[in-house]
Structure formats: C-alpha cells, structure tokens
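Student: My questions all concern the structure below.
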Amino acid sequence: PGVNVSYLAMNFRNPKLADLRVRQAIALAINIDEVLKYRFVGCYRATGLLGPIHSDYEAQTTNYNLDLSRAENLLDTAGFRKNADGLRLTLEFKTTGDKTALDFARILSESLRKIGIGLKIRTSEFGTFYSDIKQGNFELYTSRWIGISNPSIFYRVFHSSQIGKLNRGAYRNPALDRLLDQAMVEPQDMKRRELFSKVQKIVADDLPYIFLWHWNNTFIGSRDMKDVVMYPNGNYITLANLVRNP
Numbered sequence: 001p002g003v004n005v006s007y008l009a010m011n012f013r014n015p016k017l018a019d020l021r022v023r024q025a026i027a028l029a030i031n032i033d034e035v036l037k038y039r040f041v042g043c044y045r046a047t048g049l050l051g052p053i054h055s056d057y058e059a060q061t062t063n064y065n066l067d068l069s070r071a072e073n074l075l076d077t078a079g080f081r082k083n084a085d086g087l088r089l090t091l092e093f094k095t096t097g098d099k100t101a102l103d104f105a106r107i108l109s110e111s112l113r114k115i116g117i118g119l120k121i122r123t124s125e126f127g128t129f130y131s132d133i134k135q136g137n138f139e140l141y142t143s144r145w146i147g148i149s150n151p152s153i154f155y156r157v158f159h160s161s162q163i164g165k166l167n168r169g170a171y172r173n174p175a176l177d178r179l180l181d182q183a184m185v186e187p188q189d190m191k192r193r194e195l196f197s198k199v200q201k202i203v204a205d206d207l208p209y210i211f212l213w214h215w216n217n218t219f220i221g222s223r224d225m226k227d228v229v230m231y232p233n234g235n236y237i238t239l240a241n242l243v244r245n246p
C-alpha cells in the first residue's frame, strides 16, 4: 500500500462550492468503488489525506458512498432546481491532457450529469494548468499529494494562513485552524494524535477536498532478486539495497 493520494479540489471563492450541500452532493454522485474496480485497478479508496498505513490515521470519519437520491435532495435544499434541460448548475473542471486525468474527467462529467450538474472540461498543457491552480483560477480540479509522511500536511493545505500557498481552494474554518495551531506545537505524541484525529473528522465532514484513492506501489523485478523491501512513499532506496542471488 502507498501513501500518495488523489483528490478532487474545490474553490471556496465560488459561492456554489462554498455551500456544503453542493460539495456533499458531488461526493455522493461519484461511485469510487466502481471506478477503482473497473478503471483505476491497483488503487484503494481514500477517506482522507492519510491512509491506514499511517500511525495517525483516523478510521472513524464520515464516508460518502454513492447515493444519487440524497445528492439530488441536497441540491434541491440548496436551491438548485432542475431547468428544462435537466440541469441545476454548471461547473468548470480544469485538467491536463494526461490520459488518466482525461479518463477521470469523463467519469466525473457522467457522474455529475446524473444529479443535474453540468461539467465544462477545460484541458491545457501542464504549465498552464499548474499556473491556474497556484493562482486560484479554477472551480474544480484533480491532483495528488505525493509521499505523505506525517499529518502536518493538514496545516499546509487546509489552514487559512496558507491561502495563496498550498491552500489553493481558499478554504477557511476557524475551528480547524485552532486545532491545527495546537497540533503543530504539541510535544506529547498521544495528545498530538488526539488533535489530528479531530482534524481528520472535521475535514471529512466539511469536504475541502473530496478524497478519491491512494496509489499502491508495484515492484517489477526478476526471481533472482532478494532483500526486496518496499516503502509506502515509493522510495527508490529499494533499488539501492537490492541483492541478486549468485
């Protein structure tokens, strides 16, 4: 199992996406289990930035399984009623021309269409895409975090002080900020874990990201290799320590 995680990010500068009910509806419209079974084989479902392999992982968090009826009810409650074309609202999704990214864009478009959300897919080369993401010029996009080693990443990507940095969606939550401020300076391991456990529960409830999947690591070698030790972050030290049988 690996620690790299793919996610769907949303821009809170957009009042539609700032509405929790819209974010919940999007999460409920994506059949992650089916996507992993038929398209992204070799990955496993993510419930947050941290995977079960992390010692600070909190398993008791809110999960969003496929529920189109509930998703539509949430959008109705939020005031997004279907028009004559069956659409409630339209969002823009930015991506690159990478095949994996485009495959997910099509999956996402079809998933959201079922609950009345139209998706405009904007494709660009990576440099333009990344520049837009860093400047906050997006509504929706997917990416991944690589080599997550500890829960301090929650501070870097969700604390309000990081808006304009790695908090690219301009997410603000004063309660989460307070917990992260405490957790980042807490010297006692048990207390720190308790704080980050609360952080993970808030993030799962509030959906600044919709978490998609973690990527497994795969080693391809020959039968004469021994001492093959793999690392969750895919560290290439595996190759440095390989021994071949004579």
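FYI, the numbering for the sequence shown is 1 to 246, going by my numbering.
Using N, Cα and C, we set each Cβ at its ideal position, and we do this for glycine too.
Thinking C-alpha only, which one of 142, 224, 62, 11 is nearest residue 243?
Tutor: Within the sequence shown, numbered from 1, the residue matching residue 243 stands at position 243. Here the closest residue by C-alpha is 224.
Student: Do you know whose CA, among 160, 30, 56, 10, lies nearest residue 149's CA?
Tutor: To locate residue 149, count along the sequence shown from 1; it is residue 149. Comparing Cα-Cα distances from residue 149 to each of 160, 30, 56, 10, the minimum goes to 56.
Student: With three or more beta-carbon pairs closer than 8 Å as the criterion, would you say the stretch 87-96 touches the stretch 128-148?
Tutor: yes
Student: Pick out whichever of 126, 25, 115 has its Cα sitting closest to the Cα of residue 64.
Tutor: What you label residue 64 is simply residue 64 of the sequence shown in a count that begins at 1. Nearest option by C-alpha distance: 25.
Student: Taking the beta carbon of residue 2 as the centre, do at least 16 other beta carbons fall within 10 Å, making it buried, or is it exposed?
Tutor: Against the sequence shown, residue 2 aligns to sequence position 2. With at least 16 other beta carbons inside 10 angstroms of its own, residue 2 counts as buried.
Student: Taking only the alpha-carbon atoms, compute the straight-line gap between residue 247 and residue 147 and give it to the nearest angstrom.
Tutor: The requested residue 247 does not occur in the structure, where the chain is confined to residues 1 to 246.
Student: Can you grab the Cα-Cα spacing for the pair residue 186 / residue 192, in whole Å?
Tutor: In the sequence shown, residue 186 corresponds to position 186, counting from 1. In the sequence shown, residue 192 corresponds to position 192, counting from 1. Cα-Cα distance, rounded: 6 Å.
Student: Can the beta-carbon of residue 23 be found closer than 8 Å to that of residue 10?
Tutor: On the sequence shown, position 23 is the one that residue 23 refers to. On the sequence shown, position 10 is the one that residue 10 refers to. In this structure, residue 10 lies closer than 8 Å to residue 23 by Cβ.
Student: Using DSSP with H/G/I as helix, E/B as strand and the rest coil, what is residue 203?
Tutor: Here residue 203 refers to the residue found at position 203 of the sequence shown. Helix.
Student: If you follow the alpha helix (DSSP H) that residue 288 is in, where does it begin and where does it stop?
Tutor: The structure shown does not extend to residue 288, since the chain is modelled only from 1 through 246, so no value can be given for it.
Student: Under a Cβ-count criterion, where at least 16 other Cβ atoms within 10 Å of its own Cβ denotes burial, should residue 168 be classed as buried or exposed?
Tutor: Position 168 of the sequence shown holds residue 168. Under this definition residue 168 is a buried residue.
Student: Which two residues bound the contiguous alpha helix (DSSP H) that contains residue 68?
Tutor: Along the sequence shown, read from residue 1 onward, the residue named residue 68 stands at position 68. Per DSSP, residue 68 belongs to the alpha helix (DSSP H) from 68-77.
Student: Starting from residue 238 and walking both ways along the alpha helix (DSSP H), at which residues does that stretch end?
Tutor: Sequence index remark: in the sequence shown, residue 238 carries index 238 (1-based). Residues 237-240.
Student: Assuming the contact rule is C-beta atoms closer than 8 Å, residue 96 and residue 123 should be a hit. Round their C-beta distance to whole Å, please.
Tutor: Within the sequence shown, residue 96 is the residue found at index 96, counting from 1. Within the sequence shown, residue 123 is the residue found at index 123, counting from 1. Right, their Cβ atoms sit about 7 Å apart.
Student: Excluding five sequence neighbours on each side, which residues of the same chain lie with their C-beta closer than 7 Å to the C-beta of residue 245?
Tutor: Counting from 1 along the sequence shown, the entry for residue 245 is found at position 245. Counting only Cβ-Cβ distances below 7 Å, and skipping sequence neighbours, we find 224, 226.
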